[in-house]
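J.: Protein chains in written order, with our numbering: chain A, 409 to 521; chain B, 46 to 160.
Before I ask anything, let me first share the structure, which is written out below as structure tokens.
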């Protein structure tokens, strides 16, 4: 079975500090991993993805994520948080032979001024 | 830019009513999906379609049906709405031209309240 876990319901960080939003996954086969962001009453926006190659992936709005195969993790990071980064973040996984994406339960990021 | 359009952003319906949620994408994507989003549960797949007139059940298909008569349009139908179907419904699409590595593109969501 494929699954994604986001262990923190909420992450609080001060503006200007680095942020990390955690994601771990369980799949059969090589994973394709994705991060999405959702602002209130909006759809999900794609941030970045890992398919293969370099373990550090860079995406939109200064976000990056590190794929760690041994720890089955794909944590989202940003060196310096902005108040405007406050939103709901979702991690998702799929494998090549499945058309389904499996999503985590989401992590609410609060960036305080 | 890919655009996925959900025609209704907010709907209020009564128990037992038939509800149609419409979704249209403009990128000629083969795959289309309907998800339901509830707090603390993330996104759960209701149905998806990989071609016109083709559909597959997702993880929570009970109480829902879908229709895909044209490639660009994927409709979610609640035959007899119930209060436990009050939720945010998200439509998404994905092409296959990237060798299967493409991401999902989402619409803005349809927030349904069933009274």
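Note that the Cβ used here is the ideal one computed from N, Cα and C, for glycine as well.
Using beta-carbon positions only, say whether residue 515/A and residue 410/A come within less than 7 Å of one another.
T.: In the first chain, residue 515/A corresponds to position 107, counting from 1. In the first chain, residue 410/A corresponds to position 2, counting from 1. No, Cβ-Cβ distance for residue 515/A and residue 410/A is not below 7 Å.
J.: Exposed or buried, residue 165/B, counting other C-beta atoms within 10 Å across all chains shown (16 or more means buried)?
T.: With chain B covering only 46 through 160, there is no way to say anything about residue 165/B.
J.: Decide if the segment 86-94 of chain B is in contact with the segment 66-73 of chain B; the criterion is three or more beta carbon pairs, one per stretch, under 8 Å apart.
T.: Cβ pair count under 8 Å is below three, so no.
J.: Which of helix, strand or coil does DSSP assign to residue 92/B?
T.: Here residue 92/B corresponds to residue number 47 of the second chain, with the count starting at 1. Reduced to three states, the DSSP call for residue 92/B is strand.
J.: Using a beta-carbon distance cut-off of less than 8 Å, what residues from the segment 444-471 of chain A approach chain B?
T.: The residues in question are 444, 449, 450, 451, 452, 453, 454, 457, 459.
J.: Hey, how far is the Cα of residue 422/A from the Cα of residue 428/A?
T.: Within the first chain, residue 422/A is the residue found at index 14, counting from 1. Within the first chain, residue 428/A is the residue found at index 20, counting from 1. Those two C-alpha atoms are separated by around 12 Å.
J.: Identify whether residue 493/A lies in helix, strand or coil by the three-state DSSP scheme.
T.: In the first chain, counting from the first residue as 1, residue 493/A sits at position 85. Three-state result, residue 493/A: helix.
J.: In three-state DSSP terms, what is residue 513/A?
T.: Position 105 of the first chain, counted from the start, is the residue given in the question as residue 513/A. Note: residue 513/A maps to coil in three-state DSSP.
J.: Please name the residues in the segment 116-148 of chain B whose beta-carbon is closer than 7 Å to at least one beta-carbon of chain A, in chain order.
T.: So the list reads 135, 145, 146, 148, given in the order they occur along the chain.
J.: Need the endpoints of the beta strand (DSSP E) that residue 137/B sits in, please.
T.: Within the second chain, residue 137/B is the residue found at index 92, counting from 1. Element bounds for residue 137/B: 132-139.
J.: Hey, could you find the ends of the beta strand (DSSP E) residue 483/A is sitting in?
T.: Counted from its first residue, the first chain places residue 483/A at position 75. Note, residue 483/A: beta strand (DSSP E), 481-486.
J.: Check the C-beta distance from residue 444/A over to residue 482/A and give it rounded, since I have them as a contact under 8 Å.
T.: Looking up residue 444/A in the first chain gives position 36. Looking up residue 482/A in the first chain gives position 74. Residue 444/A to residue 482/A, Cβ: 12 Å. No contact.
J.: What residues from the segment 495-518 of chain A come within 7 Å of chain B, judged by C-beta to C-beta, listed N to C?
T.: Per Cβ criterion, the list reads 498, 504, 507, 508, 509, 511, 512, 513, 514.
J.: Mind reading off the beta-carbon distance from residue 146/B to residue 76/B? Whole number of angstroms is fine, and I expect it under 8 Å.
T.: In the second chain, counting from the first residue as 1, residue 146/B sits at position 101. In the second chain, counting from the first residue as 1, residue 76/B sits at position 31. Not confirmed; about 13 Å, so no contact.
J.: Take the Cβ of residue 160/B as the centre, count every other Cβ of all protein chains shown within 10 Å, and call the residue buried at 16 or more, exposed below.
T.: Locating residue 160/B in the second chain gives position 115, where the first residue counts as 1. Counting Cβ neighbours within 10 Å, residue 160/B comes out exposed, since fewer than 16 surround it.
J.: Counting only beta-carbon atoms, is residue 153/B nearer than 7 Å to chain A?
T.: Translated into positions along the second chain, residue 153/B becomes position 108. Interface residue, yes.
J.: Using a Cβ-Cβ cut-off of less than 9 Å, give me the residues of the segment 85-107 of chain B that come near chain A, in sequence order.
T.: Flagged, chain order: 85, 86, 87, 88, 89, 90, 93, 95, 101, 103, 104.
J.: Throw me the rounded Cβ distance for the residue 450/A and residue 153/B pair, which I believe falls under 8 Å.
T.: Taking the first chain and counting its residues from 1, the one referred to as residue 450/A is at position 42. Taking the second chain and counting its residues from 1, the one referred to as residue 153/B is at position 108. With 8 Å as the limit, residue 450/A and residue 153/B qualify as a contact, their Cβ atoms being about 6 Å apart.
J.: Residues of chain B with CB closer than 7 Å to the CB of residue 482/A, please, in chain order.
T.: Indexing the first chain from 1 puts residue 482/A at position 74. Chain B residues near residue 482/A: none, gap ~14 Å exceeds 7 Å.
J.: Starting from residue 440/A, find everything on chain B with Cβ-Cβ shorter than 7 Å and list it in chain order.
T.: Locating residue 440/A in the first chain gives position 32, counting from the first residue. Going along chain B in sequence order, the residues near residue 440/A (Cβ under 7 Å) are 146.
J.: What would DSSP say about residue 425/A, mapped onto helix, strand or coil?
T.: Taking the first residue of the first chain as position 1, residue 425/A is located at position 17. If DSSP states are grouped into helix, strand and coil, residue 425/A belongs with coil.
J.: For a test of the three-state rule: what should DSSP assign to residue 605/A, helix, strand or coil?
T.: The first residue shown for chain A is 409 and the last is 521, placing residue 605/A beyond what the model contains.
J.: CB-CB under 6 Å to residue 111/B, same chain, minus the five flanking residues each way: which ones, in chain order?
T.: If you number the second chain from 1, residue 111/B lands on position 66. 92, 100, 121.
J.: Roughly how many angstroms separate the alpha carbons of residue 487/A and residue 412/A, rounded to a whole number?
T.: Along the first chain, read from residue 1 onward, the residue named residue 487/A stands at position 79. Along the first chain, read from residue 1 onward, the residue named residue 412/A stands at position 4. Their Cα atoms are separated by approximately 24 Å.
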